[in-house]
């Protein structure tokens, strides 16, 4: 009698039910804040393979790293960093206007993405409309949170508001778990499956799409802050709230606008990254990386948030090429400590001087 054949565990991609654009084993951008999944392989994220082989580079331990693999990891790192940069921007937008931190930003991203996904499943919406639903849901949630919770604590200390947002993050995660469970769900992708070949390298369209979409959103934010009345009002409040009030600017409206705008940015980031990391109640943990990116670039600096996010993503993805893979998630934070020792205000931050 022949021995029984063990059933093969189905690949997670086969569980997508046709609703998610296929991302191969090499296409996963490892954005999870809780660490890599079991079985992750060196050079497997980003979906880039060398054909034919490129000149090798040597990593510690005798491992050979091809030039195409380095390019592959750089592209994957920039895509990862783009999401970190958007999260950092959403935190900085609120901080500049209100001088408070919103540690519920990640869970607000998660809830808005779930709202778009639920609408898409219920009504068969196209992806563009799904994105609009997620953005509107994020904006509405932020408006309600600011009006019902944050504004009532406007006279409290920043620490009080910080504790409120931490508690809110726990409530939102628990509520999302009750509504949609804590399982992982596939999310439809805007980008095609077929890799793009550039010389000896194959690029995953999802990586390029995340980079392009994030850069486009950053340009829109720049235009809003540079050329619109709302943007000028938000910059005025960020510089001096008392002077802004004397000039007739409604600081309370700027508070609401900052929360809504930050939530919309977060919702777009959630829709971009959900097809890659799967939709779950844990995806909000990316706010930790966003906060780290904001500190790295200089908290309060929007260009610094972008630079910090990109640098964090590239460091996180390059580290396993030349160092033991187990310390991948430690390298960005070690770099953060080193940079803050040299520049306590961050890469592009400015030291605030206050008269006492």
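Residue numbers (the working numbering): 13 to 368. The beta carbon of each residue, even a glycine, is placed where N, CA and C say it ideally should be. Since the structure is predicted, the reported quantities are computational estimates derived from the model, not experimental observations.
Can you give me the C-alpha to C-alpha distance between residue i and residue j, rounded to a whole angstrom?
i           : j           : result
residue 304 : residue 252 : 26 angstroms
residue 82  : residue 140 : 33 angstroms
residue 231 : residue 134 : 33 angstroms
residue 209 : residue 109 : 44 angstroms
residue 355 : residue 296 : 29 angstroms
residue 198 : residue 261 : 44 angstroms
residue 306 : residue 313 : 8 angstroms
residue 196 : residue 293 : 8 angstroms
residue 336 : residue 249 : 46 angstroms
residue 318 : residue 194 : 31 angstroms
residue 126 : residue 155 : 18 angstroms
residue 174 : residue 115 : 7 angstroms
residue 161 : residue 291 : 27 angstroms
residue 211 : residue 80  : 9 angstroms
residue 338 : residue 184 : 31 angstroms
residue 47  : residue 136 : Low per-residue confidence applies at residue 47: pLDDT is 42, beneath 50, and the placement is therefore not dependable enough to give any value.
residue 105 : residue 266 : 11 angstroms
residue 222 : residue 101 : 16 angstroms
residue 229 : residue 280 : 9 angstroms
residue 164 : residue 189 : 27 angstroms
residue 241 : residue 254 : 18 angstroms
residue 343 : residue 353 : 15 angstroms
residue 129 : residue 289 : 14 angstroms
Looking at residue j and residue i, is the spacing between their C-beta atoms short of 7 angstroms?
i           : j           : result
residue 433 : residue 310 : Any answer about residue 433 is impossible in this case: the structure gives the chain only from 13 up to 368.
residue 120 : residue 153 : yes
residue 92  : residue 243 : no
residue 124 : residue 150 : yes
residue 147 : residue 322 : no
residue 283 : residue 143 : yes
residue 96  : residue 301 : yes
residue 85  : residue 219 : no
residue 273 : residue 308 : no
residue 98  : residue 201 : no
Give the secondary structure of residue i by DSSP, where H, G and I count as helix, E and B as strand, and everything else as coil.
i           : result
residue 355 : coil
residue 208 : strand
residue 215 : strand
residue 291 : strand
residue 311 : coil
residue 345 : helix
residue 259 : coil
residue 125 : helix
residue 316 : helix
residue 203 : coil
residue 154 : helix
Is any heavy atom of the ligand MG found at a distance shorter than 6 angstroms from the C-beta of residue i?
i           : result
residue 307 : The ligand MG is not part of this structure, which contains no ligands at all.
Assign residue i to one of two classes, buried (16 or more other C-beta atoms within 10 Å of its C-beta) or exposed (fewer than that).
i           : result
residue 171 : exposed
residue 103 : buried
residue 214 : buried
residue 2   : Outside the displayed span of the chain (13 to 368) sits residue 2, for which this structure offers no information.
residue 178 : exposed
residue 158 : buried
residue 362 : exposed
residue 113 : buried
Can you check DSSP and say which residues form a bridge with residue i?
i           : result
residue 148 : DSSP lists no partner for residue 148.
residue 115 : Answer is none; residue 115 lacks a bridge partner.
residue 197 : 291
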